[in-house]
Amino acid sequence: MTSRLFAASLLIVAACSGPADAPQQTAGAQAGAGQGWSISVSGDLNDFFDCLEAQGAALVSAHRGGPRPGYPENAKETFAKTVSDIPAILEIDVATSADGVLYLMHDDDLARTTTGSGPADGLSWSEIKDLRLEDENGKATDFTPPTLAETLAWANGRTVVQIDFKKTTRYEDVIAEVNRQGANDRVIYIAYTMAQAERLHRLAPDAMISLSLGSQSDLNRAVAAGVPADRLLGFTGIDDPRPRLFSLLNNRDVEVIFGTLGGRQSIDNDIAQSGDEAFYATLAGMGVDIIATDRPLAAQAALDAAGRGAKSGQCGVARTG
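Number 305 in numbering that gives the first Met the number 0 belongs to position 306 of the sequence shown; there are no gaps in the numbering.
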């Protein structure tokens, strides 16, 4: 175990109780051959998260949809593969083509993840739509970049999506598409600053917003600016877990997101190197509601093994055949 995981484990033992008693099978065993998972929210999204919290269940958020060999980031086929295995929410990146089409792409340039090249906002949709997406090993697949519209339509009845806005993408355009599809209760908007959260709330007052929150004063400022606590999810960083902050946020009806993602220096990588897979469940035990990760299958398996994973029949989560 790395020193960071060891220190965090000591914090957790001192600050909170152990995981729920009821054991579950691993994610792979739960899904079964030919089966999958769905998250279908009926009503307010905050009520869905409150329901899971009351059940002692945490969720995994698959960063960029959960890419793996043969399945590129920000691809509909990857999303389908992820939710066939685990009950995950999906983080996606929304870019805008030169002619105004909203589509999924993380980088400012197309070269790393597609068979094309050039600025993601500098080419027309007709020049982008038939490019082949490449997986994490640089292998071209038969998959093509999806539009936001088709992604939202696909996600209906299947999962919740977290939308990360690329720098040239207008909030108004994304919100208009979400509203057109009646998808407000199955979307989370990501804000990195207080000003972004305020603007998103003005444009979409009922929407859930993920905002970086590092202290009680951060939350107080957001509420004072007019963003209700029950419209917020608090992203609490990717470094050291902070159980006191998690407790404070949960007590104010703010769902806690903690990120284990981040490449070679990430907690994900620490866990993979140390073999301490149970640390994902330990995070849930200290009050984390959503684990944002580049290792969604491993994180879900750890949650399930500790009885912390969402079960079929809970709060709109279902295993499908």
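Just so you know, even glycine gets a beta-carbon here, dropped at the ideal spot from N, CA and C.
Any chain D beta carbon closer than 8 Å to residue i
i	result
Pro-240	Protein chains in the displayed structure number just one, and chain D is not present.
Simplified DSSP state of residue i, which is helix, strand or coil
i	result
Asp-92	strand
Ile-270	helix
Glu-72	coil
Leu-296	helix
Ala-119	coil
Ile-127	helix
Val-287	coil
Thr-150	helix
Leu-282	helix
Leu-103	strand
Gly-308	strand
Arg-67	strand
Thr-259	coil
Nearest to residue i (by Cα), restricted to the options the options
i	options	result
Pro-204	Asp-217, Val-226 and Arg-185	Val-226
Glu-276	Leu-296, Arg-263 and Gly-286	Leu-296
Leu-132	Gln-180, Ser-116, Gly-121 and Ser-123	Ser-116
Thr-168	Arg-318, Ser-273 and Asp-107	Asp-107
Arg-198	Arg-185, Leu-218 and Ile-174	Ile-174
Gln-54	Thr-292, Gly-286, Ala-301 and Ala-291	Gly-286
Trp-153	Ser-37, Ala-301, Gly-320 and Gln-313	Ser-37
Asn-155	Ala-119, Ser-39 and Asp-134	Ser-39
Asp-163	Ala-271, Asp-141, Phe-234 and Lys-138	Phe-234
Pro-118	Asp-98, Asn-136 and Asp-134	Asp-98
Ser-246	Arg-263, Leu-282, Gly-261 and Asn-268	Leu-282
Asn-219	Ile-208, Leu-248 and Met-207	Leu-248
Glu-176	Leu-147, His-200, Ile-189 and Ala-194	Leu-147
Glu-171	Thr-77, Asp-43 and Thr-95	Thr-95
Thr-77	Asp-134, Ile-290 and Asp-269	Asp-134
Lys-128	Ala-196, Thr-143 and Asp-120	Thr-143
8 Å contact criterion, which residue i and residue j should meet: CB distance rounded
i	j	result
Ala-280	Arg-307	5 Å
Val-255	Ala-228	About 12 Å separates the two Cβ atoms, so there is no contact after all.
Gly-213	Ile-237	Actually they do not touch by this definition, with Cβ atoms about 12 Å apart.
Ala-87	Gln-299	7 Å
Leu-151	Ala-182	5 Å
Ile-187	Val-222	Their Cβ separation, rounded to whole angstroms, is 18 Å, which puts Ile-187 and Val-222 out of contact at 8 Å.
Thr-113	Leu-130	4 Å
Leu-103	Val-93	6 Å
Ala-61	Gln-313	Contact doesn't hold; Cβ gap of about 19 Å is too wide.
Arg-157	Val-82	6 Å
Identified DSSP bridge partners for residue i
i	result
Glu-133	Ala-139
Arg-169	Answer is none; Arg-169 lacks a bridge partner.
Gln-161	Glu-90 and Ile-187
Glu-254	Leu-232
Gly-35	Thr-319
Ser-209	Ile-189 and Leu-232
Ser-60	Ile-88 and Ala-291
Asp-108	Pro-118
Thr-77	Answer is none; Thr-77 lacks a bridge partner.
Cβ-based burial, residue i [other Cβ within 10 Å; buried from 16]
i	result
Pro-71	buried
Asn-250	exposed
Tyr-191	exposed
Asn-73	buried
Arg-230	buried
Gly-284	buried
Asp-303	buried
Lys-166	exposed
Gln-161	buried
Gly-315	buried
Asp-288	buried
Arg-241	buried
Pro-145	buried
Gly-64	buried
Ser-41	exposed
Arg-179	exposed
Asn-136	exposed
Ala-322	Residue 322 is absent from the model: the chain starts at 0 and stops at 320.
Ala-305	buried
Pro-68	exposed
Asp-84	buried
Asp-141	exposed
Gly-274	exposed
Asp-239	exposed
Gly-262	exposed
Gly-320	exposed
Ala-194	exposed
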